[in-house]
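Structure, as structure tokens:
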Amino acid sequence: MPRFSTTTALAGVATAFLLVAGAPLAGAVSGDAAEPHIVTYDASHAQEFQAAIDEATATWNAQVTNVKFEKATDGQADLTVLADDGWPRAQTDSLGAGTVWMGREAVNEGHHVPRIATHELGHILGLPDNRTGVCEDLMSGASAGTDCANDLPNPEEKAEVEQNFAQGLEIAPQLFTEAPAGR
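Using mature numbering (1 follows the signal peptide of the UniProt record, and there is no 0), the letters of the sequence shown correspond one by one to residues -28 to -1, 1 to 155.
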């Protein structure tokens, strides 16, 4: 008769509970995992900011699973990125669609270009400004100061993006601008 340890028996009970509860097992492959929402982008008019936009899309792609950025290849894009001399801003048309302007004014003041790009893409993913002044909060934007070089979303920001795309959040068109008050 085979001998089982208490640990083996408990592991078996836990596995059975997870299977009955429908919870995925570690290492299990689920056939019903949703494919990520694809947001195509065109940064061909982003001038000197093209590399920063490519870096920001790679950052988001590494941080979330329900949405992925891909470069547009057919001339049609959900997101268009432009460069101008104003302050960085994003115009959302809907979740995952809109226009981002990489404004040189913030760069000239010393703000970190990868942070600006990742922040502005956050708006396209449904995140609002959250001017906490805390560098670890990506969506705090310029309020964190020119010394802040963090271009990663915090856990709450990542969770909100995941939820936005899991639920198919509908967002109204809106212009988000980082310009400090009085500009």
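All C-beta atoms in this analysis are idealised placements derived from N, C-alpha and C, irrespective of residue type, glycine included. Because the structure is a prediction, the values reported are computed rather than measured.
With three or more C-beta pairs closer than 8 Å as the rule, is the segment 108 to 118 touching the segment 75 to 85?
They touch, by the three-pair rule.
Status (buried if at least 16 other CB within 10 Å, exposed otherwise) for Asn96
Looking at the sequence provided, one finds Ile at residue 96 rather than Asn. Ile96 comes out buried.
Taking all protein chains shown into account, decide if Ile88 is buried (16 or more other Cβ within 10 angstroms of its Cβ) or exposed.
Ile88 comes out buried.
Could you please give me the residues that DSSP links to Leu54 through a beta bridge?
Here Leu54 is bridged, per DSSP, to His17, Trp73.
Taking only three categories from DSSP, how would you classify Phe(-25)?
Note that Phe(-25) scores a pLDDT of 38, beneath 50, so its modelled location is shaky; the value from the coordinates is reported in the next line. Residue state, collapsed to three classes: coil.
Which of helix, strand or coil DSSP assigns to Ile143
If DSSP states are grouped into helix, strand and coil, Ile143 belongs with coil.
Residue burial classification, Leu147 (beta-carbon count within 10 angstroms, cutoff 16):
A residue is called buried when at least 16 other Cβ atoms come within 10 angstroms of its Cβ; Leu147 does not meet this threshold and is exposed.
Straight-line CA distance for Thr37 to Ala49?
Roughly 20 Å between the two C-alpha positions.
For Thr149, does the three-state DSSP call read helix, strand or coil?
Assignment of Thr149 by DSSP, reduced to helix, strand and coil, places it in the strand class.
Pull up the DSSP beta-bridge partners for Phe41, would you.
Note: Phe41 sits in a beta bridge opposite Val11.
Leu67 and Glu7 closer than 8 Å at C-beta:
With contacts defined as CB atoms closer than 8 Å, Leu67 and Glu7 fail to qualify as a contacting pair.
Given that a residue counts as buried once 16 or more other Cβ atoms are within 10 Å of its Cβ, and exposed if not, what is Thr31?
That one is buried.
Here's the rule I'm using: 16 or more other beta-carbon atoms within 10 Å means buried, otherwise exposed. How should Pro145 be labelled?
By the 10 Å Cβ count, Pro145 comes out exposed.
What do you reckon, are the CB atoms on Thr90 and Asp123 nearer than 8 Å?
Yes, the Cβ-Cβ distance between Thr90 and Asp123 is below 8 Å.
Taking C-beta to C-beta, are Ala69 and His17 nearer than 8 Å?
Contact flag unset, no.
Mapping the DSSP letters down to three states, classify Pro63 as helix, strand or coil.
First, the residue type needs correcting, since residue 63 is Gln and not Pro in the sequence shown. The DSSP-derived three-state label of Gln63 is strand.
Can you tell me whether Ala78 is buried or exposed, with buried defined as 16 or more other CB within 10 angstroms of its CB?
Burial call: buried.
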